[in-house]
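So the structure is just underneath, and the comments pick up after that.
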Amino acid sequence: MSEKEDFYIEIDEDLYRICTEHAKKENFPSVDEFILHTMRLMLLTLEMKRQGYQDLIEYFKKNGLTDLELMVFTKYESGNDLSDIAKSLNLTDEEAEDLLIDAYDKFQKCFQFDIND
Numbered sequence: 445m446s447e448k449e450d451f452y453i454e455i456d457e458d459l460y461r462i463c464t465e466h467a468k469k470e471n472f473p474s475v476d477e478f479i480l481h482t483m484r485l486m487l488l489t490l491e492m493k494r495q496g497y498q499d500l501i502e503y504f505k506k507n508g509l510t511d512l513e514l515m516v517f518t519k520y521e522s523g524n525d526l527s528d529i530a531k532s533l534n535l536t537d538e539e540a541e542d543l544l545i546d547a548y549d550k551f552q553k554c555f556q557f558d559i560n561d
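The sequence shown: position 16 = 460 (our numbering), numbered continuously.
Written out as structure tokens, the structure is:
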């Protein structure tokens with residue numbers, strides 16, 4: 445096991461304000477947790493590009509993500525409105541939201557790691 449080290453990220457005031465707003469909106473315990481979560485998603489995206497999307501999709505499926513959860517997650521992360529996603533997949537808004545929450549939970553279980561490792 446490696447020793448944990450503190451790290452420092454310098455971000456401008458506007459970016460910090462945006463992170464603060466999203467952290468509150470998404471009920472993160474702190475802005476730092478939101479920034480770490482965002483960094484993990486960025487690393488996930490880079491890894492997807494490096495490995496190829498299909499291999500990673502198969503990995504997610506093996507770890508419990510359903511096709512529908514992947515569709516909702518992918519469309520939402522691409523900037524689509526959750527209500528529009530629900531309509532396009534013949535779901536209620538609540539069903540789409542539940543699928544998105546489940547997808548986030550499963551993604552976090554697949555990619556739990558300490559950024560300091």
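By construction, the Cβ of each residue, glycine as well, lies at the ideal position given by its N, Cα and C atoms.
LEU487 is classed as exposed because its beta carbon has fewer than 16 other beta carbons within 10 Å across all chains shown. In the DSSP assignment, THR536 falls outside any alpha helix (DSSP H), carrying neither H nor E.
Beta-carbon to beta-carbon, LEU544 and MET515 are separated by about 10 Å, too far to satisfy the 8 Å threshold. Note on LEU509: 16 or more other CB atoms within 10 angstroms of its CB, so buried under the neighbour-count rule. One Cα belongs to GLU470, the other to TYR548, and the distance between them is close to 12 Å. Runs of alpha helix (DSSP H) with 4 or more residues, each lying fully within the stretch 480-545, are found at 497-506, 511-521, 526-532, listed in chain order. At a Cβ-Cβ threshold of 9 Å, GLU513 and ASP546 count as neighbours. When the beta-carbon positions are compared, ASN507 and LYS468 stay at least 9 Å from each other. In this chain, the alpha helix (DSSP H) harbouring ASP458 covers 457-469.
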